[in-house]
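**Student:** In order, the protein sequences belong to chains A and B. Here the first sequence is numbered in our numbering, starting from 29 and rising by one per residue. Here the second sequence is numbered in our numbering, starting from 29 and rising by one per residue.
2 protein chains.
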Amino acid sequence: MDETLATPIARPSLHDTIVNRIRSMIYDGDLKPGEKVPEKMLCETLGISRTPLREALKVLASEGTLELLPNRGARVARLTAEDVDEMFPVMGALEGLSGELACAKATDADIAELRALHYQMALHHTRAERAEYFAINQKIHEKIMAVAGNDLLVTMYEGLAGRIRRARYISSITSGRWDEAMAEHEEILAALEARDAPRLAAILKGHLRNKCEAVKEVLRTDGKSDEAAA
Amino acid sequence: MDETLATPIARPSLHDTIVNRIRSMIYDGDLKPGEKVPEKMLCETLGISRTPLREALKVLASEGTLELLPNRGARVARLTAEDVDEMFPVMGALEGLSGELACAKATDADIAELRALHYQMALHHTRAERAEYFAINQKIHEKIMAVAGNDLLVTMYEGLAGRIRRARYISSITSGRWDEAMAEHEEILAALEARDAPRLAAILKGHLRNKCEAVKEVLRTDGKSDEAAA
DNA sequence: AACCGGAATTATGCATACAATTTTTTAGCA
DNA sequence: TGCTAAAAAATTGTATGCATAATTCCGGTT
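The following block contains the structure:
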């Protein structure tokens, strides 16, 4: 029997598990940016041998999550201001695309769901509940991505977003910038309701550019502690 | 002395060499889409052991170049029409971004170089020299990317472009579509000379969308031979 | 006392060996 | 003859071991 096309992907391989475990350790801060990651240490922590671990390290390095210095081991990639300057235009283009596609593909139900999320977020904004606000904020952007219906887009965006998430810009947002962001979200909802693809794309791009500045600010402030840890 | 920041990347590691070797084998057609890739075979071909080979396979799989079936080995990823439908919007967004950035950053010398390439390509077009035309065509797009000055953008775009390059759409372009593409390139040059970023972005996006259709056409025609090989 | 050089230690890179799963072959049966 | 099932072969997943490069530590020298 011919299954050449019938087997896209199969079971949860142990291997990806390790990759995800290590990725989580990095995103959760168990491994800090700039920190050396000796293989032996990780082997003991994860209870595995060096072979599968090294395979995972190579994958994470190709993603940009780790830096692999030949004959000198792995280090958690440090996010520089230059990295951010390169990442945000790309993320902006991708997020803009998600907006365009979402305008074309969103059902009324999708928009209703986004509207609900939006007003819930607005409530958290007026109450100055930062954590709750940011949680819903992320949900909204994820929902727009999902509505866009392009898995590759989601994968690529998440890959970049994940690398930035470590810089916890959340706590450092100024209330002035917060009000601005909220106003931009009003426009996002309006553009989506009007299914105005170019406008939504433009707003999302600008919205992200503002976030870029916030992240760079955190990087400047927070950089010193990273240096100390390295 | 503190070199924590001073060592971004060091020597050409053997490992990346293997990754690139295999990637080349795939792009050059030594390994065809859908084909099974036994580890033993590649080990003998490359003259290495299974350990570094498997590390390379994992990396290529994370790039989407290979498919890794747990306990069942690797296969060269097959490009489906659905894949192309997902890839082209993303590539369009990235290429559009390259145009925007290029408009902002291009020096007069850059534009002069692109102009020269453009008219050289136009010459090949009037002479109906396909291979030469496409070689310069690619150079132009690469130059725009380079002028944009965003390494991450280049990396991500090349990753996608490389996966598509296997579908040799070159030979199959119709002369009608070819004339269209050439006309679009006239606009590309004009927009760049005017440093009209939004316009250049829009043209590049549309230009690529047309190529998307060509690739899908090749996929439909060429698909059967791939099936046979699998 | 500070600096330089070399040996010992440690960690990484690669190859080999063993275990487990899948695929193929083959024997048995209806 | 065709199908099922079990055993053999082959292939992948993981662990271990050896070779090599890098780091550290120690002794000698200026």
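Don't be surprised by glycine CBs; every beta carbon is placed ideally from N, CA and C. Small disclaimer: the values here were computed from a predicted structure and weren't measured.
(1) Are the C-beta atoms of I37(B) and some chain A residue less than 9 Å apart?
(2) Could you compute how far the alpha carbon of A150(B) sits from the alpha carbon of M210(B)?
(3) Got a sec: is the Cβ-Cβ distance from R248(B) to anything in chain A below 9 Å?
(4) Within the chosen definition, does the stretch 106-120 of chain B reach the stretch 80-91 of chain B through at least 3 CB pairs nearer than 8 Å?
(5) Which stretch, first to last residue, makes up the alpha helix (DSSP H) that contains G190(A)?
(6) Using a Cβ cut-off of 8 Å, pull out every chain A residue sitting near N178(B), in sequence order please.
(7) Between the stretch 56-84 of chain A and chain B, which residues of the former have a C-beta closer than 7 Å to a C-beta of the latter?
(8) Quick one: using the 10 Å Cβ neighbour count with 16 as the cut-off for buried, is G120(A) buried or exposed?
(9) Output yes if chain B places a C-beta closer than 9 Å to the C-beta of D224(A); else output no.
(10) Buried or exposed: M69(B), going by 16 or more other Cβ atoms within 10 Å of its Cβ?
(11) Please report how far the alpha carbon of Y55(A) lies from the alpha carbon of I168(B), in whole angstroms.
(12) Using 8 Å for Cβ pairs, my map puts V104(A) next to V47(A). What's the rounded Cβ distance?
(13) My guess is that K171(A) and L217(A) are in contact by the Cβ rule of under 8 Å, so how many angstroms apart are they, rounded?
(14) Against V87(B), what residues of chain A qualify as contacts under a CB-to-CB distance less than 7 Å, listed in chain order?
(15) Taking the alpha carbon of G124(A) as the reference point, which residue from R82(A), R248(A) and R237(A) has its own alpha carbon closest?
(16) Closer than 9 Å, CB to CB, is G234(B) near chain A or not?
(17) Taking contact to mean at least 3 C-beta pairs separated by less than 8 Å, is the stretch 155-166 of chain B in contact with the stretch 176-183 of chain B?
(18) Nearest-angstrom Cα distance between A225(A) and C131(A)?
(19) Relative to the C-alpha of E214(A), which residue among L145(A), E160(A) and A189(A) is closest?
(20) Give every residue of the same chain whose Cβ lies closer than 8 Å to the Cβ of L16(B), excluding the five residues on either side of it in the sequence, and list them in chain order.
(21) Starting from L96(A), follow its DSSP beta bridges and name the residues at the other end.
(22) Tell me, please, whether the CB atom of L220(A) is closer than 9 Å to any CB atom in chain B?
(23) Using a threshold of 9 Å, state whether the C-beta atoms of M173(A) and S203(A) are closer than that.
(24) Looking at the structure shown, is K64(B) part of a helix, part of a strand, or coil, going by DSSP?
(25) Is D136(B) close to chain A, meaning its C-beta is less than 9 Å from at least one C-beta of that chain?
(26) When DSSP labels each residue in this structure, what does G234(B) get in the three-state scheme?
(27) For P61(A) versus R248(A), is the C-beta distance shorter than 9 Å?
(28) Note down, in chain order, every chain B residue with its Cβ under 8 Å from the Cβ of M184(A).
(29) For A102(B), decide whether its Cβ has a neighbour in chain A, counting only Cβ atoms nearer than 9 Å.
(30) Checking 9 Å against the spacing of the C-beta atoms, do P117(A) and S41(B) come in under that value?
(31) Using a cut-off of 7 Å between C-beta atoms, extract the partners of L132(A) located in chain B.
(32) Note down, in chain order, each residue of its chain lying with its Cβ closer than 7 Å to the Cβ of R78(B), except the 5 sequence neighbours on either side.
(33) What would DSSP say about S77(A), mapped onto helix, strand or coil?
(34) Please confirm whether S200(B) and A159(B) have their CB atoms less than 9 Å apart.
(35) Between the alpha carbons of D254(B) and R106(B), how many angstroms are there, rounded?
(36) Is G57(A) helix, strand or coil when you go by DSSP?
**Tutor:** Reading it off the structure:
(1) Position 9 of the second sequence, counted from the first residue, corresponds to residue 37(B). Confidence in I37(B) is poor, its pLDDT being 40 and thus under 50, which makes the residue's placement unreliable; the coordinate value appears in the next sentence. By this cut-off, I37(B) is an interface position.
(2) As a working note, residue 150(B) is residue 122 in the second sequence. As a working note, residue 210(B) is residue 182 in the second sequence. Each residue's alpha carbon lies about 7 Å from the other.
(3) Here residue 248(B) refers to the residue found at position 220 when the second sequence is read from its first residue. With 9 Å as the cut-off, R248(B) does not count as an interface residue toward chain A.
(4) no
(5) Reading the first sequence from its first residue, position 162 is the one you call residue 190(A). Segment D179 to R193, the alpha helix (DSSP H) holding G190(A).
(6) As a first step, residue 178(B) is located in the second sequence; it is residue number 150 there, counting from the start. E114, P117 and V118, listed in chain order.
(7) G62, T79, R82 and E83
(8) Counting from one through the first sequence, the residue named residue 120(A) turns up at place 92. Result: buried.
(9) Here residue 224(A) is taken as the residue at index 196 of the first sequence, counted from 1. Not closer than 9 Å to any Cβ of chain B, the Cβ of D224(A) fails to qualify, so no.
(10) Your numbering for residue 69(B) matches position 41 in the second sequence. It counts as exposed.
(11) Counted from its first residue, the first sequence places residue 55(A) at position 27. Counted from its first residue, the second sequence places residue 168(B) at position 140. Those two C-alpha atoms are separated by around 39 Å.
(12) For the purposes of this step, residue 104(A) is identified with residue 76 of the first sequence, where counting begins at 1. For the purposes of this step, residue 47(A) is identified with residue 19 of the first sequence, where counting begins at 1. About 14 Å; that fails the 8 Å criterion.
(13) Translated into the one-based positions of the first sequence, residue 171(A) becomes position 143. Translated into the one-based positions of the first sequence, residue 217(A) becomes position 189. Wrong, their Cβ atoms sit about 12 Å apart, outside the cutoff.
(14) Position 59 of the second sequence, counted from the start, is the residue given in the question as residue 87(B). Under the 7 Å cutoff, chain A gives K86, V87 and S90.
(15) Residue mapping note: residue 124(A) aligns to position 96 of the first sequence, counting from 1. The shortest Cα separation from G124(A) among R82(A), R248(A) and R237(A) belongs to R237(A).
(16) As a first step, residue 234(B) is located in the second sequence; it is residue number 206 there, counting from the start. Closer than 9 Å: no.
(17) no
(18) Within the first sequence, residue 225(A) is the residue found at index 197, counting from 1. Within the first sequence, residue 131(A) is the residue found at index 103, counting from 1. Their Cα atoms are separated by approximately 5 Å.
(19) Here residue 214(A) refers to the residue found at position 186 of the first sequence. Considering only alpha carbons, the answer is L145(A).
(20) This structure cannot speak to residue 16(B), because chain B is shown only from 29 to 258.
(21) Walking along the first sequence from the start, residue 96(A) turns up at place 68. BP columns for L96(A) point to A102(A).
(22) Taking the first sequence and counting its residues from 1, the one referred to as residue 220(A) is at position 192. No, its Cβ sits nowhere closer than 9 Å to a Cβ of chain B.
(23) Position 145 of the first sequence, counting from 1, holds the residue named residue 173(A). Position 175 of the first sequence, counting from 1, holds the residue named residue 203(A). Going by C-beta atoms, M173(A) is not nearer than 9 Å to S203(A).
(24) Counting from 1 along the second sequence, the entry for residue 64(B) is found at position 36. Strand at K64(B).
(25) Taking the second sequence and counting its residues from 1, the one referred to as residue 136(B) is at position 108. No, its Cβ sits nowhere closer than 9 Å to a Cβ of chain A.
(26) For the purposes of this step, residue 234(B) is taken as residue 206 along the second sequence, with counting starting at 1. Three-state DSSP puts G234(B) in a helix.
(27) To locate residue 61(A), count along the first sequence from 1; it is residue 33. To locate residue 248(A), count along the first sequence from 1; it is residue 220. No, the Cβ-Cβ distance between P61(A) and R248(A) is not below 9 Å.
(28) As a first step, residue 184(A) is located in the first sequence; it is residue number 156 there, counting from the start. By Cβ distance, chain B contributes V118 and M184.
(29) Counting from one through the second sequence, the residue named residue 102(B) turns up at place 74. No, its Cβ sits nowhere closer than 9 Å to a Cβ of chain A.
(30) As a first step, residue 117(A) is located in the first sequence; it is residue number 89 there, counting from the start. As a first step, residue 41(B) is located in the second sequence; it is residue number 13 there, counting from the start. For P117(A) and S41(B), no; Cβs fall outside 9 Å.
(31) Numbered from 1 along the first sequence, position 104 holds the residue referred to as residue 132(A). According to the sequence shown, residue 132(A) is Ala rather than Leu. Those do not exist, as A132(A) stays about 10 Å from chain B at its closest Cβ, beyond 7 Å.
(32) Indexing the second sequence from 1 puts residue 78(B) at position 50. Taken in chain order, the residues that qualify are E67 and C71.
(33) Sequence index remark: in the first sequence, residue 77(A) carries index 49 (1-based). Coil.
(34) Mapped onto the second sequence, residue 200(B) falls at position 172. Mapped onto the second sequence, residue 159(B) falls at position 131. Taking 9 Å as the Cβ cut-off, S200(B) and A159(B) do not qualify as a contacting pair.
(35) Translated into the one-based positions of the second sequence, residue 254(B) becomes position 226. Translated into the one-based positions of the second sequence, residue 106(B) becomes position 78. A caution first: D254(B) carries a pLDDT of 46, below 50, which makes its placement in the model unreliable, though a value can still be read off. D254(B) and R106(B): Cα-Cα distance of roughly 9 Å.
(36) Residue numbering aside, residue 57(A) sits at position 29 when the first sequence is read from its first letter. Looking at G57(A) - three-state DSSP - the assignment turns out to be coil, as it is neither helix nor strand.
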